[in-house]
Amino acid sequence: MDYKGKFFPLDAENFIKDLSQLIKFYRLEKNMRQVDLAEAVEVSLSTIKRIENADTSVETGALLKTIWYLGILDKLNQSLPKIKKEEVMHKRIRVGVVKDEDF
1 MDYKGKFFPL DAENFIKDLS QLIKFYRLEK NMRQVDLAEA VEVSLSTIKR
51 IENADTSVET GALLKTIWYL GILDKLNQSL PKIKKEEVMH KRIRVGVVKD
101 EDF
């Protein structure tokens, strides 16, 4: 059996499941139906259903618009470590040359 492209880290899968439950909770707290949320964030009803079912193939933009609309994005963003732009801009990765003697 070919598993190429089907691997998904367990930690990430658990995070998506937790996030999908949070999305559903916030939607219900706002007394919104799935179709109302879909219209509000301009995605299809099936996309909202897939998001709430923790489908890992959902487009990132659709997921981000959904968590933004529900007010979850700000809370998640606050928990991310802050990295200064300068710390990232000037770093390069240099790949070493592999020599025959290395083997």
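The UniProt record's numbering puts the first residue of the sequence shown at 1, with every later residue one more than the last.
Ideal Cβ placement from N, Cα and C applies to all residues, glycine included.
- With 16 or more other Cβ atoms inside 10 Å of its own Cβ, LEU63 counts as buried.
- When the beta-carbon positions are compared, LEU70 and ILE23 come within less than 8 Å of each other.
- Residue burial annotation: ALA38 is buried, with at least 16 other C-beta atoms found within 10 angstroms of its C-beta.
- The region 48-56 makes contact with the region 26-37, as at least three CB pairs between them are under 8 Å.
- A distance below 7 Å between beta-carbons, with the five flanking residues on each side excluded, links SER20 to the following residues of its chain, in chain order: ILE51, GLU52, ASN53 and ALA54.
- By the neighbour-count definition (other C-beta atoms within 10 Å, threshold 16), THR56 is an exposed residue.
- Only exposed fits ILE93, as fewer than 16 other CB atoms lie within 10 angstroms of its CB.
- In this structure, DSSP gives PHE15 a helical state, which the three-state scheme calls helix.
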